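Enquirer: The structure follows.
Number of protein chains: 2
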Amino acid sequence: MIRIYNKLSREEKSILVQRPQMSNEEIFPFIKQIFDEVKREGDKALKDFTQKFDGVVIDDVKVSQNEIQDAASFLPNDLKSSIQLAAGNIETFHRAQKKGTTQVETMPGVVCWQKDVPIDRVGLYIPGGTAPLFSTVLMLAIPAVIAGCKEIILCSPPQKEYQSIHPGILYTAELCGITKMYKVGGAHAIAAMTFGTESIPKVDKIFGPGNQYVTAAKQLSFQLGMAIDMPAGPSEVLVYADHTCRPAFVASDLLSQAEHGADSQVVFVTPDVGLANQIKLEVMTQLKSLPRKNIAEAALKNSFGMVIPSVEEAFEFINDYAPEHLIIASEYPEPYLISIRNAGSVFSGNYTPESAGDYASGTNHTLPTASAARSFSGVNVQSFMKTITFQHISQSGLQKLAKTITTMARAENLEAHARAVEIRLSSSNEKGL
Amino acid sequence: MIRIYNKLSREEKSILVQRPQMSNEEIFPFIKQIFDEVKREGDKALKDFTQKFDGVVIDDVKVSQNEIQDAASFLPNDLKSSIQLAAGNIETFHRAQKKGTTQVETMPGVVCWQKDVPIDRVGLYIPGGTAPLFSTVLMLAIPAVIAGCKEIILCSPPQKEYQSIHPGILYTAELCGITKMYKVGGAHAIAAMTFGTESIPKVDKIFGPGNQYVTAAKQLSFQLGMAIDMPAGPSEVLVYADHTCRPAFVASDLLSQAEHGADSQVVFVTPDVGLANQIKLEVMTQLKSLPRKNIAEAALKNSFGMVIPSVEEAFEFINDYAPEHLIIASEYPEPYLISIRNAGSVFSGNYTPESAGDYASGTNHTLPTASAARSFSGVNVQSFMKTITFQHISQSGLQKLAKTITTMARAENLEAHARAVEIRLSSSNEKGL
Numbered sequence: 034m035i036r037i038y039n040k041l042s043r044e045e046k047s048i049l050v051q052r053p054q055m056s057n058e059e060i061f062p063f064i065k066q067i068f069d070e071v072k073r074e075g076d077k078a079l080k081d082f083t084q085k086f087d088g089v090v091i092d093d094v095k096v097s098q099n100e101i102q103d104a105a106s107f108l109p110n111d112l113k114s115s116i117q118l119a120a121g122n123i124e125t126f127h128r129a130q131k132k133g134t135t136q137v138e139t140m141p142g143v144v145c146w147q148k149d150v151p152i153d154r155v156g157l158y159i160p161g162g163t164a165p166l167f168s169t170v171l172m173l174a175i176p177a178v179i180a181g182c183k184e185i186i187l188c189s190p191p192q193k194e195y196q197s198i199h200p201g202i203l204y205t206a207e208l209c210g211i212t213k214m215y216k217v218g219g220a221h222a223i224a225a226m227t228f229g230t231e232s233i234p235k236v237d238k239i240f241g242p243g244n245q246y247v248t249a250a251k252q253l254s255f256q257l258g259m260a261i262d263m264p265a266g267p268s269e270v271l272v273y274a275d276h277t278c279r280p281a282f283v284a285s286d287l288l289s290q291a292e293h294g295a296d297s298q299v300v301f302v303t304p305d306v307g308l309a310n311q312i313k314l315e316v317m318t319q320l321k322s323l324p325r326k327n328i329a330e331a332a333l334k335n336s337f338g339m340v341i342p343s344v345e346e347a348f349e350f351i352n353d354y355a356p357e358h359l360i361i362a363s364e365y366p367e368p369y370l371i372s373i374r375n376a377g378s379v380f381s382g383n384y385t386p387e388s389a390g391d392y393a394s395g396t397n398h399t400l401p402t403a404s405a406a407r408s409f410s411g412v413n414v415q416s417f418m419k420t421i422t423f424q425h426i427s428q429s430g431l432q433k434l435a436k437t438i439t440t441m442a443r444a445e446n447l448e449a450h451a452r453a454v455e456i457r458l459s460s461s462n463e464k465g466l
Numbered sequence: 034m035i036r037i038y039n040k041l042s043r044e045e046k047s048i049l050v051q052r053p054q055m056s057n058e059e060i061f062p063f064i065k066q067i068f069d070e071v072k073r074e075g076d077k078a079l080k081d082f083t084q085k086f087d088g089v090v091i092d093d094v095k096v097s098q099n100e101i102q103d104a105a106s107f108l109p110n111d112l113k114s115s116i117q118l119a120a121g122n123i124e125t126f127h128r129a130q131k132k133g134t135t136q137v138e139t140m141p142g143v144v145c146w147q148k149d150v151p152i153d154r155v156g157l158y159i160p161g162g163t164a165p166l167f168s169t170v171l172m173l174a175i176p177a178v179i180a181g182c183k184e185i186i187l188c189s190p191p192q193k194e195y196q197s198i199h200p201g202i203l204y205t206a207e208l209c210g211i212t213k214m215y216k217v218g219g220a221h222a223i224a225a226m227t228f229g230t231e232s233i234p235k236v237d238k239i240f241g242p243g244n245q246y247v248t249a250a251k252q253l254s255f256q257l258g259m260a261i262d263m264p265a266g267p268s269e270v271l272v273y274a275d276h277t278c279r280p281a282f283v284a285s286d287l288l289s290q291a292e293h294g295a296d297s298q299v300v301f302v303t304p305d306v307g308l309a310n311q312i313k314l315e316v317m318t319q320l321k322s323l324p325r326k327n328i329a330e331a332a333l334k335n336s337f338g339m340v341i342p343s344v345e346e347a348f349e350f351i352n353d354y355a356p357e358h359l360i361i362a363s364e365y366p367e368p369y370l371i372s373i374r375n376a377g378s379v380f381s382g383n384y385t386p387e388s389a390g391d392y393a394s395g396t397n398h399t400l401p402t403a404s405a406a407r408s409f410s411g412v413n414v415q416s417f418m419k420t421i422t423f424q425h426i427s428q429s430g431l432q433k434l435a436k437t438i439t440t441m442a443r444a445e446n447l448e449a450h451a452r453a454v455e456i457r458l459s460s461s462n463e464k465g466l
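The listed protein sequences derive, respectively, from chains A and B.
Read in order, the letters of the first sequence correspond to residues 34 to 466 in the working numbering.
Read in order, the letters of the second sequence correspond to residues 34 to 466 in the working numbering.
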């Protein structure tokens with residue numbers, strides 16, 4: 034459906050930037066039960082749930098060294114070399130993200146600094162399902178390794194066909210340097226990483242996409258004090274297409290997002306109706322021959338094109354929408370980039386399809402959805418680290434700060450805070466200033 | 034109580050690093066009711082709740098320009114100059130935290146970059162209660178302003194005495210450049226910033242400490258898609274004191290943490306029993322003359338000293354505990370710093386009391402508690418920004434990536450992803466390579 038921005042009321046505009054509210058409330062009691070059982074029964078619960086939900090009987094929760102080594106033999110050579118090239122680009126971009134220490138002497142004798150330190154133990158969740166998402170393995174494992182996390186584990190549901198995790202996932206994880214992989218998926222995998230079991234270590238932060246159950250499980254885990262990468266929702270793209278765009282390219286990007294799932298949302302914004310209609314026509318034409326035509330068609334039902342003649346208003350709308358993926362379909366994209374305030378990842382120019390960033394350009398594809406890009410970043414090296422601040426104050430530095438600290442502490446009724454300064458400066462305690 | 038590490042079982046050690054579990058489950062239905070009412074009634078609900086919970090009748094939710102201007106007259110001059118000096122140091126340290134753009138050409142023609150962008154709208158919550166926490170205003174407002182957030186609002190409950198927010202908070206907020214302040218506290222303030230009301234704008238991220246109700250409200254808000262600074266819990270300190278420490282200084286630091294609240298936890302680790310007893314004795318002596326003696330005494334009941342002769346084991350325990358504040362009480366602190374993996378903020382050396390960082394050294398005092406320092410950072414400039422990734426690919430760059438993307442996309446059963454690349458490279462679409 035094509036909408037004309039200037040004919041919409043303020044309320045209609047604000048409804049269009051909203052995404053369907055996903056409530057997990059109904060499934061929460063079910064997830065809680067799974068958590069309780071995993072906490073109580075450990076590996077036994079994991080094996081039971083895996084038999085029940087995945088239809089696979091597992092003897093050992095951990096993937097064996099043999100299974101990992103055999104994985105490569107299942108994959109065609111061109112896929113392996115593609116994964117390797119993509120891994121190289123992702124590594125190059127993420128390695129550049131590591132920051133050094135920031136140190137400042139705020140006053141003479143008062144030195145403050147900030148240091149990024151890897152999170153000790155992280156858990157990566159990779160969904161199962163029809164398509165093995167080995168690209169997501171790259172996107173989570175590479176920054177975790179670059180950050181320097183001491184323990185990196187991976188959970189993914191076993192596939193009936195292999196009686197283990199899909200070999201594409203095992204191969205990719207091994208390529209990235211992951212050695213601990215577990216044949217467990219769903220909410221019980223999240224529970225296992227939250228509490229730890231005999232096989233699976235408890236972690237400090239959980240990453241990765243998943244279905245509604247996995248999402249609810251990550252929320253519950255967060256409530257129990259676990260850190261998680263970000264709230265998850267259906268994938269989405271917004272394309273801003275000006276007069277120098279190529280309508281066929283725009284349509285191909287919209288469809289590549291639409292084929293993800295029936296709940297995907299694809300949106301395009303153009304300055305005029307003629308262009309909007311051209312894009313729509315291209316979408317209809319290209320749709321016909323897609324293998325996942327039915328999924329894409331369902332997704333297009335949630336989707337719309339929007340005509341906004343003013344560039345300023347267009348980017349006001351786009352920033353309000355805060356898309357996960359934002360494509361600037363133009364021969365001259367640069368002037369638009371400065372106006373972008375809210376987006377997960379931006380694809381600039383006519384030759385930068387979203388699929389480049391999904392797989393191989395180097396950027397991460399684990400991104401905030403449902404307008405979370407207003408305040409959340411996509412996964413990056415910093416997601417696997419935390420920042421610790423330090424300070425070192427000399428006795429003379431403390432002297433200079435003393436009056437300030439004691440005055441403020443006493444005004445906040447915290448006498449012991451003031452005394453902790455004074456005891457260090459009273460003459461009886463001085464050790465030769 | 035003093036404990037000897039080598040005599041503890043593994044289980045006893047793991048229990049000692051745990052904090053009391055705080056469950057908000059019982060109060061959740063109550064918080065939900067408040068959220069519903071604020072969503073439905075807007076400002077009217079805020080006024081009703083403020084009368085009910087704070088005993089103050091407010092005509093206007095927003096603090097007036099006059100109230101802000103009058104605030105300075107309530108404060109003694111030495112307090113104002115102390116706040117100004119502290120603000121200067123905090124600004125210096127936080128300004129240094131701003132990072133530039135990271136740009137990399139991962140392959141010829143494939144340029145990826147990462148840019149930090151301020152979050153548009155942020156809400157700062159400052160608790161009321163007996164002590165006005167103007168220091169927390171500094172810690173939240175200064176990084177928000179440095180980040181460049183477009184809209185920064187502040188909510189704090191009105192005090193009966195002033196029929197408005199405490200003048201110390203108003204003065205400090207104004208000094209930092211905050212202009213929109215609202216006389217609302219508690220769970221209803223969090224609800225207002227989550228949904229927006231006639232007076233209070235909806236924000237993208239909520240910051241700040243609070244009691245159990247505010248904490249539960251922030252959790253509920255997070256479930257509704259809001260970003261929050263971090264999970265909150267009672268404040269805590271761990272002091273590592275070696276033979277070159279000054280036991281009286283260590284005791285003063287333990288007590289300055291203990292006076293925060295009966296639920297605070299203070300811990301010290303020393304290499305031998307003799308030193309542990311000296312510190313304990315000093316604590317008992319200094320405690321006697323404190324105005325908040327009863328609170329400190331109650332906090333000391335949750336607390337312990339631990340004797341660990343091996344430095345390596347000591348820091349294993351400390352990293353496991355992951356304290357909010359970590360003091361290295363030693364004349365030669367440097368060799369220990371390298372072993373710190375999990376802590377919120379570190380105070381290095383005998384002349385660096387925690388109260389320096391609480392108020393004036395320049396570091397932030399909004400820090401992760403209850404071992405969240407394993408994966409969360411304290412508030413810093415980055416907390417008020419998000420990272421957006423960008424990529425620009427030339428036609429020849431896409432050519433080089435094409436085989437990789439199409440091979441991986443097809444192996445993941447995503448045909449439209451492959452076609453979005455091929456359509457850009459097929460001869461009919463080439464526009465003079």
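Here a beta-carbon is modelled for each residue, glycine too, at the ideal position from N, C-alpha and C.
Source: prediction; values computed, not measured.
May I ask which residues mark the beginning and end of the alpha helix (DSSP H) holding Ile328(A)?
Expert: As a working note, residue 328(A) is residue 295 in the first sequence. Residues 326–334.
Enquirer: Do the segment 419–437 of chain B and the segment 256–274 of chain A make contact, defined as three or more Cβ pairs closer than 8 Å?
Expert: No: fewer than three Cβ pairs fall under 8 Å.
Enquirer: In whole angstroms, give me the CA-to-CA distance for Glu367(A) and Ala355(A).
Expert: Translated into positions along the first sequence, residue 367(A) becomes position 334. Translated into positions along the first sequence, residue 355(A) becomes position 322. Cα to Cα, the separation comes out at about 19 Å.
Enquirer: Roughly how many angstroms lie between the CA atoms of Phe337(A) and Lys148(B), to the nearest whole one?
Expert: Stepping through the first sequence from its first residue, residue 337(A) is reached at position 304. Stepping through the second sequence from its first residue, residue 148(B) is reached at position 115. The straight-line gap from Cα to Cα measures roughly 29 Å.
Enquirer: For Ala295(B), I'd like the list of residues in its chain whose CB is within less than 6 Å of its CB, leaving aside the five on either flank, ordered along the chain.
Expert: Locating residue 295(B) in the second sequence gives position 262, counting from the first residue. Here the set comprises Ile328, Ala331, Ala332.
Enquirer: Under 8 Å, CB to CB, which of the residues in the segment 357–384 of chain A have a partner in chain B?
Expert: Listed by position along the chain: Pro366, Leu370, Ile373, Arg374, Asn375, Ala376, Gly377, Ser378, Val379, Phe380, Ser381, Gly382, Asn383, Tyr384.
Enquirer: Hey, would you say the C-beta of Ala206(A) is under 7 Å away from at least one heavy atom of the ligand NAD?
Expert: In the structure shown, the ligand NAD is absent, as is every other ligand, since no ligand is present at all.
Enquirer: Using the three-state DSSP reduction, which class does Phe126(B) fall into: helix, strand or coil?
Expert: Against the second sequence, residue 126(B) aligns to sequence position 93. Residue state, collapsed to three classes: helix.
Enquirer: Shortest alpha-carbon distance to His276(B) belongs to which of Ser254(B), Arg325(B), Ser343(B)?
Expert: As a first step, residue 276(B) is located in the second sequence; it is residue number 243 there, counting from the start. Checking every option, the nearest Cα to that of His276(B) belongs to Ser343(B).
Enquirer: Compare the beta carbon distance of Arg325(B) and Ala449(A) with 8 Å and say whether it is the shorter of the two.
Expert: Counted from its first residue, the second sequence places residue 325(B) at position 292. Counted from its first residue, the first sequence places residue 449(A) at position 416. Cβ distance < 8 Å, so Arg325(B) and Ala449(A) count as in contact.
Enquirer: Evaluate contact between the segment 158–165 of chain A and the segment 57–64 of chain A, counting only Cβ atoms and requiring at least three cross-stretch pairs below 8 Å.
Expert: Segments in contact, no.
Enquirer: DSSP on Leu466(A), reduced to helix/strand/coil?
Expert: For this step, residue 466(A) is matched to residue 433 along the first sequence. At Leu466(A) the pLDDT is 39, less than 50, meaning the model places this residue with poor confidence and gives no usable figure here.
Enquirer: Classify His425(A) as helix, strand or coil using the three-state DSSP reduction.
Expert: Locating residue 425(A) in the first sequence gives position 392, counting from the first residue. DSSP places His425(A) in strand when its eight states are reduced to three.
Enquirer: Does Ser97(B) pass the burial test, meaning 16 or more other C-beta atoms within 10 Å, or should it be called exposed?
Expert: Against the second sequence, residue 97(B) aligns to sequence position 64. It is exposed - the Cβ of Ser97(B) has fewer than 16 other Cβ atoms within 10 Å.
Enquirer: Using a Cβ-Cβ cut-off of 7 Å (strictly less than) and excluding sequence neighbours within five positions of Phe255(A), which residues of its own chain qualify?
Expert: Along the first sequence, one-based indexing puts residue 255(A) at 222. Same-chain partners within the cutoff: Ile261.
Enquirer: How far does the beta strand (DSSP E) with Ile185(A) in it reach, from first residue to last?
Expert: As a first step, residue 185(A) must be located in the first sequence, where it is residue number 152. Ile185(A) -> beta strand (DSSP E) spans 184–188.
Enquirer: For Val90(A), is the classification buried or exposed, using 16 other Cβ atoms within 10 angstroms of its Cβ as the cut-off for buried?
Expert: On the first sequence, position 57 is the one that residue 90(A) refers to. Exposed, by the Cβ-count rule.
Enquirer: Could you have a look at Met263(A) and say whether DSSP puts it in helix, strand or coil?
Expert: Taking the first sequence and counting its residues from 1, the one referred to as residue 263(A) is at position 230. It is coil, neither helix nor strand.
Enquirer: Return helix, strand or coil for Leu157(A), following the three-state DSSP convention.
Expert: Position 124 of the first sequence, counted from the start, is the residue given in the question as residue 157(A). If DSSP states are grouped into helix, strand and coil, Leu157(A) belongs with the strands.
Enquirer: Tell me whether the segment 101–109 of chain B and the segment 238–255 of chain B touch, counting them as touching only if at least three CB pairs, one residue from each stretch, are closer than 8 Å.
Expert: Segments in contact, no.
Enquirer: Scan the segment 219–241 of chain A for residues whose Cβ lies nearer than 8 Å to a Cβ of chain B and list them as they occur along the chain.
Expert: Correct list: Asp237, Lys238.
Enquirer: So the candidates are Val412(A), Leu314(A), Thr212(A); which of them puts its Cα closest to the Cα of Lys419(B)?
Expert: Residue mapping note: residue 419(B) aligns to position 386 of the second sequence, counting from 1. Here the closest residue by C-alpha is Val412(A).
Enquirer: Could you name the residues that DSSP lists as bridge partners for Phe380(A)?
Expert: On the first sequence, position 347 is the one that residue 380(A) refers to. Paired residues: Ile360(A), Gln424(B).
Enquirer: Short of 6 Å in beta carbon distance, which residues of its chain neighbour His127(A), apart from the five on each side in sequence? Order them along the chain.
Expert: Within the first sequence, the letter at position 94 stands for residue 127(A). Counting only Cβ-Cβ distances below 6 Å, and skipping sequence neighbours, we find Ile175, Pro176, Ile179, Val414.
Enquirer: Considering only C-alpha positions, which residue in the set Leu203(B), Ile159(B), Asn122(B), Thr135(B) is nearest to Gly142(A)?
Expert: Here residue 142(A) is taken as the residue at index 109 of the first sequence, counted from 1. Closest by alpha carbon: Asn122(B).
Enquirer: Just the C-alpha distance for Ser388(B) and Pro200(B), rounded to the nearest angstrom, thanks.
Expert: Indexing the second sequence from 1 puts residue 388(B) at position 355. Indexing the second sequence from 1 puts residue 200(B) at position 167. Rounded to whole angstroms, Ser388(B) to Pro200(B) spans 22 Å at the Cα level.
Enquirer: Name, going along the chain, the residues of the segment 123–142 of chain A whose beta-carbon falls closer than 7 Å to a beta-carbon of chain B.
Expert: Answer set for the segment 123–142 of chain A: Thr125, Phe126, Ala129, Gln130, Lys132, Thr135, Val137, Thr139, Met140.
Enquirer: Determine the direct distance from the alpha carbon of Lys313(B) to that of Val302(B), and round the result to whole angstroms.
Expert: The residue given as residue 302(B) occupies position 269 in the second sequence. The residue given as residue 313(B) occupies position 280 in the second sequence. Between Val302(B) and Lys313(B), the C-alpha separation is close to 12 Å.
Enquirer: Where does Leu288(B) land, buried or exposed, given buried means 16+ other C-beta within 10 angstroms?
Expert: Here residue 288(B) refers to the residue found at position 255 when the second sequence is read from its first residue. Leu288(B) is buried by the Cβ-count criterion.
Enquirer: One question on the structure: do Met339(B) and Phe350(B) come within less than 8 Å of each other, judged by their Cβ atoms?
Expert: Here residue 339(B) refers to the residue found at position 306 when the second sequence is read from its first residue. Here residue 350(B) refers to the residue found at position 317 when the second sequence is read from its first residue. Their beta carbons are under 8 Å apart, which means Met339(B) touches Phe350(B) by this criterion.
Enquirer: So with Cβ pairs under 8 Å, would you call Glu349(A) a contact of chain B?
Expert: Sequence index remark: in the first sequence, residue 349(A) carries index 316 (1-based). Output row for Glu349(A): interface = no.
Enquirer: Could you tell me whether the Cβ atoms of Asp76(B) and Glu231(B) are closer together than 8 Å?
Expert: Here the question's residue 76(B) lines up with position 43 in the second sequence. Here the question's residue 231(B) lines up with position 198 in the second sequence. Yes. Within cutoff.
Enquirer: Can you find a CB in chain A that lies within less than 8 Å of the CB of Pro267(B)?
Expert: Taking the first residue of the second sequence as position 1, residue 267(B) is located at position 234. Taking Cβ atoms only, chain A never reaches closer than 8 Å to Pro267(B), which makes this a no.
Enquirer: Note down the Cα distance separating Cys182(A) from Val170(A), rounded to an integer number of angstroms.
Expert: Residue 182(A) sits at position 149 when you count from the first residue of the first sequence. Residue 170(A) sits at position 137 when you count from the first residue of the first sequence. Cα-Cα distance, rounded: 16 Å.
Enquirer: Less than 8 Å between the CB atoms is what I'm expecting for Ile426(A) and Ser394(B), so what's the real figure, rounded?
Expert: Here residue 426(A) refers to the residue found at position 393 of the first sequence. Here residue 394(B) refers to the residue found at position 361 of the second sequence. Confirmed, Cβ separation roughly 6 Å.
Enquirer: Are Val300(B) and Leu271(B) close, meaning C-beta to C-beta below 8 Å?
Expert: Translated into positions along the second sequence, residue 300(B) becomes position 267. Translated into positions along the second sequence, residue 271(B) becomes position 238. Yes, Cβ-Cβ distance for Val300(B) and Leu271(B) is below 8 Å.
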